[in-house]
Amino acid sequence: MQSLPIASVEIGTHMVRVLVGEHRPDNQLFVTGLGEVESSGVRKGEIVDLDNALACLKLAIRQAEESAQIEIFSGHVVFSGGHIESVNNRGQVLVVNDDKVITREEIDDVMNNARAINISMNRQILHSICQHFYVDDQAGVVNPEGMEGARLSLDMLLLHGIHNRIRNTIRVVEEAHLDVEDAAFGGLCSALAVLTSVQKEGGAIVIDIGGGTTDYIVYANKAITHAGSIAVGGDHITNDIALGLKIPTTRAEKLKVEMGSAKAQHGHRGQMIDIPSESGYEGKQICLHDLNTIIQYRVEELLELVKEQIDRSVLKHKLSAGVILTGGGAGMHGLAGVAEQAFDLPCNLGKPHNVSGITQVAEGTQYAVGLGMLRYGLRNPPREPPGGWIRRIFKG
Amino acid sequence: MFSDIQDLDPLAEFNMLVAGVGRAGCRILSEAQENGYVLPDTVAIHTSRQALADAGVDRVLQLGATVVEGAGTGGDLKLGRICAEQDEALLRDLFHGYDLVLFITGLGGGTGSGATPVMARLARDVKCFTVCVAVSPFKFEMEDRRRKAEIGLATLREHADAVVYFPNERLFCLMEGRKDLDLGIQTANHFLIGTVIALYELLRGKGLLSLDFGDLKSLVQHSDGTCSMVHASAEGSEAAARVVEQLLASPLLDHGAVLSKAKGLIIGIRGGAGLPLTVVNEVVRNIGGMAHVNAKYQVGVAIDPSKTTELEVTLISSESWMPAGPLPLDEAGESGDGKAADSAKATMVQAEIELETTGGKGKFKNVAPTIHDGEDLDFPAFMRKSVKLSKQY
Numbered sequence: 000m001q002s003l004p005i006a007s008v009e010i011g012t013h014m015v016r017v018l019v020g021e022h023r024p025d026n027q028l029f030v031t032g033l034g035e036v037e038s039s040g041v042r043k044g045e046i047v048d049l050d051n052a053l054a055c056l057k058l059a060i061r062q063a064e065e066s067a068q069i070e071i072f073s074g075h076v077v078f079s080g081g082h083i084e085s086v087n088n089r090g091q092v093l094v095v096n097d098d099k100v101i102t103r104e105e106i107d108d109v110m111n112n113a114r115a116i117n118i119s120m121n122r123q124i125l126h127s128i129c130q131h132f133y134v135d136d137q138a139g140v141v142n143p144e145g146m147e148g149a150r151l152s153l154d155m156l157l158l159h160g161i162h163n164r165i166r167n168t169i170r171v172v173e174e175a176h177l178d179v180e181d182a183a184f185g186g187l188c189s190a191l192a193v194l195t196s197v198q199k200e201g202g203a204i205v206i207d208i209g210g211g212t213t214d215y216i217v218y219a220n221k222a223i224t225h226a227g228s229i230a231v232g233g234d235h236i237t238n239d240i241a242l243g244l245k246i247p248t249t250r251a252e253k254l255k256v257e258m259g260s261a262k263a264q265h266g267h268r269g270q271m272i273d274i275p276s277e278s279g280y281e282g283k284q285i286c287l288h289d290l291n292t293i294i295q296y297r298v299e300e301l302l303e304l305v306k307e308q309i310d311r312s313v314l315k316h317k318l319s320a321g322v323i324l325t326g327g328g329a330g331m332h333g334l335a336g337v338a339e340q341a342f343d344l345p346c347n348l349g350k351p352h353n354v355s356g357i358t359q360v361a362e363g364t365q366y367a368v369g370l371g372m373l374r375y376g377l378r379n380p381p382r383e384p385p386g387g388w389i390r391r392i393f394k395g
Numbered sequence: 000m001f002s003d004i005q006d007l008d009p010l011a012e013f014n015m016l017v018a019g020v021g022r023a024g025c026r027i028l029s030e031a032q033e034n035g036y037v038l039p040d041t042v043a044i045h046t047s048r049q050a051l052a053d054a055g056v057d058r059v060l061q062l063g064a065t066v067v068e069g070a071g072t073g074g075d076l077k078l079g080r081i082c083a084e085q086d087e088a089l090l091r092d093l094f095h096g097y098d099l100v101l102f103i104t105g106l107g108g109g110t111g112s113g114a115t116p117v118m119a120r121l122a123r124d125v126k127c128f129t130v131c132v133a134v135s136p137f138k139f140e141m142e143d144r145r146r147k148a149e150i151g152l153a154t155l156r157e158h159a160d161a162v163v164y165f166p167n168e169r170l171f172c173l174m175e176g177r178k179d180l181d182l183g184i185q186t187a188n189h190f191l192i193g194t195v196i197a198l199y200e201l202l203r204g205k206g207l208l209s210l211d212f213g214d215l216k217s218l219v220q221h222s223d224g225t226c227s228m229v230h231a232s233a234e235g236s237e238a239a240a241r242v243v244e245q246l247l248a249s250p251l252l253d254h255g256a257v258l259s260k261a262k263g264l265i266i267g268i269r270g271g272a273g274l275p276l277t278v279v280n281e282v283v284r285n286i287g288g289m290a291h292v293n294a295k296y297q298v299g300v301a302i303d304p305s306k307t308t309e310l311e312v313t314l315i316s317s318e319s320w321m322p323a324g325p326l327p328l329d330e331a332g333e334s335g336d337g338k339a340a341d342s343a344k345a346t347m348v349q350a351e352i353e354l355e356t357t358g359g360k361g362k363f364k365n366v367a368p369t370i371h372d373g374e375d376l377d378f379p380a381f382m383r384k385s386v387k388l389s390k391q392y
């Protein structure tokens, strides 16, 4: 069935992106609009200057409206940031009705139980993701409704983050005169965009390397078992290069994109690169091997940080699809090789699948988050149609 | 050889404040006072009224009297920080007018790890060169304290000009054969006081050939943030030879091995009136001779009339060493096992006393730091892992 178009909003550290897309009958996600503005007022995935972020967002919305030829009234918002953490929790209820058959009521109760965790006052739960039910001691039950048992348990993965920081993102979107239809964690969105159902079944780690944060999510045993965000991203690589080689940040960024590799090679020793002079900056020569050494140490550390968050037993046996790298930083030369070594798993670049429309978007890893958000929004339409859903009016 | 020796400089009066912060800082100051060490202006700073009273130091400052009401922070970093922030005006007044503020603190507690970074920032704000001498907790202390110490150290690095870091465990290890705890701690404290005084004398430069912050700073900058520091003294006619012998035998310099790789050196010599040039010459020649061929060194000589025949030499050396990491960065392929072993040894010795610069966060300077296991991830990864690039940029 063809759907009405919806818009995803991503206020990233590097870019503010607004995507407009709709669901096509052939199960394709069709992208009709793109707005993309270099970000300002965002550090490490969190908004530090509301006014600047708002100005960028307004511009991106206007661009997206122009390219999609619609007027956008509501958005599905992606959020990220190092404050986002996950925890596994098990809830349990006793089946007390006479015939010991599990009904919807018990399932709702066990979900509420599994959601009840102690988190500090300033945090809120963002996603509660069901993993597996247990009926008495039978593990791995997918749908217990109608089964007989005395005890029903449920494992849930709960993602939580700091309330105020999430509110900041929502506030900027609201001030740009968009209704917030829904919001989702960036890592989850990336996985929706790049993982095929086969990969999800087999188990995979999706690592989305953005400008300011690296989001990760792990599918194992047919469920999401880990998720979170680390406040280290591509900006850190650029900053390391700028400090290490003592060059301006803009030069460092260019050097990273054009020449950088995540693996320093012996062959590059002594190979010099000229950084030409320009006004206010006298040129200099830098060694390619040094550049890549700086990058390698940062990338290795970052992957190690992600690895630390994932249980060893999961890493060993449960991930047949290996590591899928996506996000703006995933295109780095040599990264897949370094990741393969770090995780001892096959590693591939995760490109969005089943996407058509604007080619640039359908091909690029940096759009994975926004595309995943569209997919999330289209798949899970809000139960109660809020104002924005109805108020969306097409131009012409 | 003497090309780096500076001309005689009629120095203006040099003001230095030594601030002992927290329980350990106060104890070190009180011990210095009891043992008759001559320090410049000192002040003991703590949140706990009782600890300040116990220290018996002349000049004290009680932090956060309105916040914790003299009760101490109970190991709460945040509370320590808030206490210092509450008394911002008081602290600014205290630091104002000093050229150098040297904080001595034990990391791991609320005041030491929480308040010291704030004070370092305030001291820098009023144009003081800020050096922090930080002592880590012992290995047997609680994991919680060790984590706090790591966070404290990371924040200190951001705010102080230089951080001299003493892992307590290593200092304790120096005391071979003496395992009693109080003596171990006392030895550590005395070593610290000695280092502080040596640093003070070096920088005060009431000598013929003076050294200044510039020298220290430049050494710190060229050292990849890691330095070794030792001092030794001897008396009599053979003093020069004996001092050099002591220095070279010191475990802190790995019996001279560190010296042989040193690329930068500060040699501070202190002697009585009538210190012969030949002695200075001998010390510099012997130490310089041990150093790396291309080593750059600064020499400072100070005359202390109270010393008759005693000769005291302080050595701060920085060395460009390679970590035994996955990437040998100096020369491709040629680093065999021997070299790797050397560098591993050097790493171990270097870890004993580190002198670290701040800055180096670039665009993340004013952003909330990303701390993981006590490490500030905003600093370049390769620098934190002390990886040497092929050339100086």
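The listed protein sequences correspond, in order, to chains X and Z.
Using numbering that gives the first Met the number 0, the letters of the first sequence map in sequence onto residues 0 to 395.
Using numbering that gives the first Met the number 0, the letters of the second sequence map in sequence onto residues 0 to 392.
Every residue, glycine too, gets a C-beta built ideally from N, C-alpha and C.
Would you mind giving the Cβ-Cβ distance between V92 of chain X and L151 of chain X, rounded to the nearest angstrom? I have them listed as a contact below 8 Å. 5 Å
Check each candidate in X:L344, X:L304, X:G326 and X:L290 and name the one with the smallest Cα separation from V386 of chain Z. X:L290
Just the C-alpha distance for L274 of chain Z and V125 of chain Z, rounded to the nearest angstrom, thanks. 38 Å
Which class does R144 of chain Z belong to by DSSP, given the choice of helix, strand or coil? helix
Just list the residues that DSSP pairs L97 of chain Z with in beta bridges. One point to set straight first is that residue 97 of chain Z is Tyr, not Leu, in the sequence displayed. In DSSP, Y97 of chain Z forms no bridge with anything.
Flag this pair as touching only if the region 44–58 of chain Z and the region 138–149 of chain Z have three or more C-beta atom pairs under 8 Å; answer yes or no. no
If contact means a Cβ-Cβ distance below 7 Å, which residues of the region 248–261 of chain X contact chain Z? T248
For E9 of chain X, which residues from the same chain have a beta carbon less than 6 Å from its beta carbon, with the 5 sequence-adjacent residues on both sides left out? Once the five neighbours on either side are set aside, the close Cβ partners of E9 of chain X are R16, V77, V368 and G369.
8 Å Cβ cutoff, H225 of chain X in contact with chain Z: no
Taking P304 of chain Z as the reference, which of Z:N280, Z:A272 and Z:V279 has the closest Cα? Z:A272
Spatially closest choice to T104 of chain Z from Z:V279, Z:V292, Z:A148 and Z:G63, by CA coordinates: With distances taken between Cα atoms, T104 of chain Z lies closest to Z:A148.
What separation, rounded to the nearest whole angstrom, lies between the Cα atoms of N167 of chain X and L49 of chain X? Approximately 8 Å between the Cα atoms of the pair.
With C-beta atoms as the reference, is D40 of chain Z less than 8 Å away from G63 of chain Z? No, the pair does not count as a contact, with Cβ atoms beyond the cut-off.
What span of residues does the alpha helix (DSSP H) with A59 of chain X cover, start to end? Start and end: L49 to A67.
For a cutoff of 8 Å on Cβ pairs, would you count H288 of chain X as touching chain Z? yes
Quick check on Q270 of chain X: buried or exposed, where buried means 16 or more other Cβ atoms within 10 Å of its Cβ? exposed
On the three-state DSSP scale, how would you describe C129 of chain X? strand
With distances taken from CA atoms, which of Z:G35, Z:A18 and Z:N14 is nearest H45 of chain Z? Z:A18
In the structure shown, what three-state DSSP assignment does Q27 of chain X receive? Secondary structure at Q27 of chain X: coil, using DSSP grouped into helix, strand and coil.
Determine, using beta carbons only, whether A226 of chain X and L177 of chain X come nearer to each other than 8 Å. no
Where do the ends of the alpha helix (DSSP H) carrying I165 of chain X lie? H162 to E174
Selected residue, minimal CA-CA separation from V13 of chain X, among X:G282, X:V36 and X:D108: Looking at the sequence itself, residue 13 of chain X is His, so the reference to Val does not match. Comparing Cα positions, the closest option is X:V36.
Pull up the distance between the alpha-carbon of D372 of chain Z and that of G148 of chain X, whole angstroms please. 45 Å
For G333 of chain X, decide whether its Cβ has a neighbour in chain Z, counting only Cβ atoms nearer than 8 Å. Cβ-Cβ to chain Z under 8 Å: no for G333 of chain X.
First through last residue of the alpha helix (DSSP H) which encompasses A18 of chain Z: From DSSP, A18 of chain Z is part of no alpha helix (DSSP H) but of the beta strand (DSSP E) over M15 to V20.
Excluding the 5 residues flanking L376 of chain Z on each side, which residues of the same chain have their C-beta closer than 6 Å to its C-beta? T369
Is it right to say L276 of chain Z is buried, meaning 16 or more other beta carbons lie within 10 angstroms of its own, or is it exposed? exposed
Just checking my contact of G349 of chain X with L324 of chain X at CB under 8 Å: how many whole Å lie between their CB atoms? In this structure, G349 of chain X and L324 of chain X form a Cβ contact; the two beta carbons are roughly 6 Å apart against a cut-off of 8 Å.
Distance, Cα to Cα, E21 of chain X vs E70 of chain X? 14 Å
In three-state DSSP terms, what is C127 of chain Z? coil
Return the first residue and the last residue of the beta strand (DSSP E) that R269 of chain Z is part of. A261 to G270
Please tell me whether G288 of chain Z has its Cβ less than 8 Å away from any Cβ of chain X. Chain X, which has no Cβ nearer than 8 Å to the Cβ of G288 of chain Z, makes this no.
For chain Z, find out if any of its Cβ atoms is closer than 8 Å to the Cβ of E147 of chain X; answer yes or no. With respect to chain Z, the C-beta atom of E147 of chain X has no partner C-beta closer than 8 Å.
For the beta strand (DSSP E) that D303 of chain Z lies in, which residues bound it at each end? From DSSP, D303 of chain Z is part of no beta strand (DSSP E); its letter is neither H nor E.
Counting only Cβ pairs nearer than 9 Å, list the residues of chain Z close to L370 of chain X. Per Cβ cutoff of 9 Å: no residues; L370 of chain X is ~27 Å from chain Z at best.
Check for me: the beta strand (DSSP E) holding D343 of chain X runs from which residue to which? Premise fails: D343 of chain X is in no beta strand (DSSP E) and is neither H nor E.
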